[in-house]
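Some notes on the structure that comes next.
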Ligand SMILES: N[C@@H](CCC(=O)N[C@@H](CS)C(=O)NCC(=O)O)C(=O)O
């Protein structure tokens, strides 16, 4: 199977970290897509990912899955252990809630803040609206503070165990760490920082 990724991009990193947690990296051929060079907008890639986004997973039968969470759902079926998305409908729903909060409010918030303010993202985001980006930076910090409060009460994003929601939130925080210089502890979020430091010690965080 071919997995189309881009170096340092947070969404491909989610899938790479999920694969590393499952211990199945040897089953995938990684193909780098150069976003700065616009390779993702070329016809050859759009034939696989019509909205020009990475990651994309090309299955052995030629079908292509995009959207990180959908790819992870497929991977969870391929390699059910360790379970990262829930064992029954009840647990699956609560983990999905946590994961979607991490994706839609944390990852997407940081992505908007970065894409509209950082010169390195100018090739991907045109036009950039720096005021909008700065306002998103403030809003996403309010979300991060909410996660900080949550993490004061339980050790992982979805509760008592490591799940896909930790992967999504970690990749979001690391993206912001690199490009927004976001350090939770320096902004009064000690629980978010302690959680981030614990997740960073997992071997999958190097994927
Ligand atoms: N919702 C998608 C988001 C994918 C996405 O935005 N990927 C970024 C890289 S992290 C991308 O391909 N950006 C290219 C662009 O926006 O032009 C997912 O979950 O995979």
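Numbering (the numbering used here), first residue to last: 4 to 210.
Idealized CB from N, CA, C, for every residue including glycine.
Quantities reported herein were computed from a predicted structural model and do not represent experimental measurements.
Look at residue 179 here: in three-state DSSP terms it is helix. Under the three-state reduction of DSSP output, residue 63 falls in the coil class, being neither helix nor strand.
When secondary structure is reduced to three states using DSSP, residue 33 falls in the strand class.
By alpha-carbon distance to residue 93, the top candidate from 81, 197 and 161 is 161. Each of 46, 55, 44 and 4 was checked against the Cα of residue 30, and the nearest Cα belongs to 4. Out of 203, 180, 48 and 194, the CA that lies nearest to the CA of residue 170 is found in 203. In the structure shown, residue 69 falls within a strand segment according to DSSP collapsed to helix, strand and coil. The shortest C-alpha to C-alpha distance from residue 40 to any of 64, 10, 14 and 25 is the one to 10. Going by C-alpha positions, residue 192 is about 45 Å away from residue 65. Under the three-pair Cβ rule at 8 Å, the segment 147-159 counts as touching the segment 194-202. With 16 or more other Cβ atoms from the protein chains shown falling within 10 Å of its own Cβ, residue 17 counts as buried. If you keep only unbroken alpha helix (DSSP H) runs of at least 4 residues inside the segment 126-176, you get 133-156. Residue nearest to residue 178 within the set 103, 113, 83 and 68 is 113 (criterion: CA-CA distance). Contact between the segment 113-122 and the segment 135-145 is present: three or more C-beta pairs spanning the two stretches fall below 8 Å. Taking residue 174 as the centre and dropping the five residues before and after it, the same chain places the C-beta of 13, 14, 16, 17, 20 and 110 closer than 8 Å to its C-beta, in chain order.
Secondary structure note for residue 7: its beta strand (DSSP E) is the uninterrupted segment 5-8. For residue 5, the shortest separation between its Cβ and any heavy atom of ligand 1 does not lie below 7 Å.
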